[in-house]
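*Asks:* These protein sequence lines map, in sequence, to chains R and C.
Under the working numbering, the first residue of the first sequence is numbered 832, with each subsequent residue one higher.
Under the working numbering, the first residue of the second sequence is numbered 832, with each subsequent residue one higher.
Just so it is clear, CB atoms sit at the ideal spot from N, CA and C, and this is done for glycine as well.
Being a predicted model, the structure only gives us computed values, none of them experimental.
There are 2 protein chains.
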Amino acid sequence: MKRNSRLSLALHTLSHMAGSPDRVRTSSDIAEHAGTNPVVVRRVLGKLREAGLLTSEKGHAGGWRLAHKPQDITLADVYLALDERMVATGEASEASACSVEHALHKRVSSVLEDVEESLVKKLSETSISEVRGNA
Amino acid sequence: MKRNSRLSLALHTLSHMAGSPDRVRTSSDIAEHAGTNPVVVRRVLGKLREAGLLTSEKGHAGGWRLAHKPQDITLADVYLALDERMVATGEASEASACSVEHALHKRVSSVLEDVEESLVKKLSETSISEVRGNA
DNA sequence: TTGTTCGTAACTTTTGCAGTTGCATTTGTA
DNA sequence: TACAAATGCAACTGCAAAAGTTACGAACAA
Numbered sequence: 832m833k834r835n836s837r838l839s840l841a842l843h844t845l846s847h848m849a850g851s852p853d854r855v856r857t858s859s860d861i862a863e864h865a866g867t868n869p870v871v872v873r874r875v876l877g878k879l880r881e882a883g884l885l886t887s888e889k890g891h892a893g894g895w896r897l898a899h900k901p902q903d904i905t906l907a908d909v910y911l912a913l914d915e916r917m918v919a920t921g922e923a924s925e926a927s928a929c930s931v932e933h934a935l936h937k938r939v940s941s942v943l944e945d946v947e948e949s950l951v952k953k954l955s956e957t958s959i960s961e962v963r964g965n966a
Numbered sequence: 832m833k834r835n836s837r838l839s840l841a842l843h844t845l846s847h848m849a850g851s852p853d854r855v856r857t858s859s860d861i862a863e864h865a866g867t868n869p870v871v872v873r874r875v876l877g878k879l880r881e882a883g884l885l886t887s888e889k890g891h892a893g894g895w896r897l898a899h900k901p902q903d904i905t906l907a908d909v910y911l912a913l914d915e916r917m918v919a920t921g922e923a924s925e926a927s928a929c930s931v932e933h934a935l936h937k938r939v940s941s942v943l944e945d946v947e948e949s950l951v952k953k954l955s956e957t958s959i960s961e962v963r964g965n966a
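The following block contains the structure:
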């Protein structure tokens, strides 16, 4: 795959699941559709399960299912579940000895945090069911 | 260095140059201060030169200098000069055969473009001279 | 009890980027 | 003119993060 692949994979998969929420899908099915590997799928969807967006069941007839109605899952939920911020790094800047560096970092961080917040806000305005509706 | 290192290096360097705009600095000086390598510095600053933010001179007493007054160079100028968008990818999504993927991409791209625009707008509100002023 | 599926760990491959080296070119100075 | 100092650039190495792969255990339904 390419860059931002985890988020792409997650959003793509959930958007599909929104289309027929009762259907159970296996990692293999999903992987095949997404052109990737079942283990990769389990890694990514595992994060979504931790966040309570999906449920998974082992064994025969097991697989993945939405934990809520598609209308109740927004793009922001998916984004936040993966815990990879696109914009703000969430801190950690190893206390530079350089005051200019420090001042710069403070200024830039503040901008990035604002932008991150606005990103999440915008993503939260679309549910995974709406995506499909627009196709 | 770490993540986003090119942008960090560029902003850091220009913020310093804003402090004494007439001083010429060599790649080596800059590299030493930033804890990196002269060639890396030239690679990054070269982009800023292409964008008209810096000038460079070869030979004895050569080096790097701001092309404009520090007040006239904003963080957005630096960001845009490097041509690495943090948020919007600027396109290229290999025309998926999957309509859900397509719809999703359209929706997400639109959000990202908005966010990118707002990022640039916020960065443009601070000049490299102001950064230092806040230290 | 057998087969299917997730859960997870360990390893390999790929990829992007920093870092490095080397050399041509330009330019100021002795 | 000769030399040293600086950028410009190309090619290579090294490294780290992520995807991909393999393997196996655990859970569960038929």
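Thinking C-beta only, is C:ALA882 closer than 8 Å to C:VAL988?
*Replies:* No answer is possible for residue 988 of chain C: it lies beyond the span of chain C, which begins at 832 and ends at 966.
*Asks:* Counting along the chain, where does the beta strand (DSSP E) carrying C:GLY890 start and finish?
*Replies:* Element bounds for C:GLY890: n/a, residue is neither H nor E.
*Asks:* Applying the 10 Å Cβ sphere with the 16-neighbour rule, what's the burial state of R:ASP914?
*Replies:* By the neighbour-count rule (16 or more Cβ atoms within 10 Å), R:ASP914 is not buried but exposed.
*Asks:* Taking three-plus beta-carbon pairs below 8 Å as touching, is the stretch 897 to 915 of chain R in contact with the stretch 928 to 941 of chain R?
*Replies:* Not touching, per the Cβ criterion.
*Asks:* From the DSSP secondary-structure annotation, give me the bridge partner or partners of R:THR867.
*Replies:* Per DSSP, none; premise fails for R:THR867.
*Asks:* Cβ closer than 7 Å: which chain C residues qualify as neighbours of R:ASP945?
*Replies:* Residues of chain C passing the Cβ test: LYS953.
*Asks:* In the DSSP assignment, find the beta strand (DSSP E) that holds R:LEU850 and state where it starts and stops.
*Replies:* The displayed chain sequence assigns Gly, not Leu, to residue 850 of chain R. Not the beta strand (DSSP E): R:GLY850 falls in the alpha helix (DSSP H), residues 836 to 850.
*Asks:* Would you report the Cα separation of C:SER960 and C:MET848, rounded to the nearest angstrom?
*Replies:* The alpha-carbon atoms of C:SER960 and C:MET848 are separated by roughly 9 Å.
*Asks:* Measuring only the C-alpha atoms, how far is C:GLU947 from R:LEU840?
*Replies:* Whole-angstrom Cα-Cα distance: 22 Å.
*Asks:* Given that C:HIS847 touches chain R, what residues does it touch there, using C-beta distances under 8 Å?
*Replies:* What C:HIS847 touches in chain R: VAL931.
*Asks:* Please look up how many angstroms separate the CB atoms of C:LEU970 and C:MET917, rounded, as I've assumed it's under 8 Å.
*Replies:* Look at the range of chain C in this structure, 832 to 966, and you will see that residue 970 of chain C is not part of it.
*Asks:* Anyone know if the C-beta pair for R:LYS878 and C:VAL942 falls short of 8 Å?
*Replies:* Not a contact, by the Cβ cut-off of 8 Å.
*Asks:* Pick out whichever of R:ALA928, R:ARG880, R:ALA892, R:VAL931 has its Cα sitting closest to the Cα of R:ALA912.
*Replies:* Checking every option, the nearest Cα to that of R:ALA912 belongs to R:ARG880.
*Asks:* So, with DSSP's three-state summary, where would you put C:ARG873?
*Replies:* C:ARG873: helix per DSSP, three-state reduction.
*Asks:* Thinking just about the alpha-carbon of each residue, which of R:SER859, R:HIS864, R:ARG896 is nearest to the one in R:ALA851?
*Replies:* It should be pointed out that residue 851 of chain R corresponds to Ser in this sequence rather than to Ala. Per the Cα distances, R:ARG896.
*Asks:* Just to confirm my understanding: we take R:ALA898, look at its own chain, exclude 5 residues before and 5 after, and list those with CB closer than 7 Å. What are they?
*Replies:* Answer for R:ALA898: GLY883, LEU884, LEU885, THR886, listed in chain order.
*Asks:* Quick check on R:SER949: does DSSP put it in helix, strand or coil?
*Replies:* Correct three-state label for R:SER949: helix.
*Asks:* Within the stretch 894 to 944 of chain R, note down every full beta strand (DSSP E) run reaching 3 residues or more, in order along the chain.
*Replies:* Counting only runs of 3 or more, we get 894 to 897.
*Asks:* May I have the straight-line CA-CA distance separating R:THR844 from C:GLU944, to the nearest angstrom?
*Replies:* Cα to Cα, the separation comes out at about 23 Å.
*Asks:* Let me confirm a value: C:GLU932 is counted as buried when at least 16 other C-beta atoms fall within 10 Å, else exposed. Which label applies?
*Replies:* The residue is buried, with at least 16 neighbouring Cβ atoms inside 10 Å.
*Asks:* For C:SER859, count neighbouring Cβ atoms within 10 angstroms of its own Cβ and tell me buried if that reaches 16, exposed if not.
*Replies:* Answer is exposed; the Cβ neighbour count stays below 16.
*Asks:* Considering Cα atoms alone, identify which of R:THR957, R:THR857, R:SER930 is closest to R:GLY890.
*Replies:* For R:GLY890, the nearest C-alpha among the options comes from R:THR857.
*Asks:* Are any of the Cβ atoms in chain C nearer than 8 Å to that of R:ALA928?
*Replies:* No - not a single Cβ of chain C is within 8 Å of the one on R:ALA928.
*Asks:* If you draw a straight line from the alpha carbon of R:ALA907 to that of C:HIS864, how long is it in whole angstroms?
*Replies:* Cα to Cα, R:ALA907 sits roughly 40 Å from C:HIS864.
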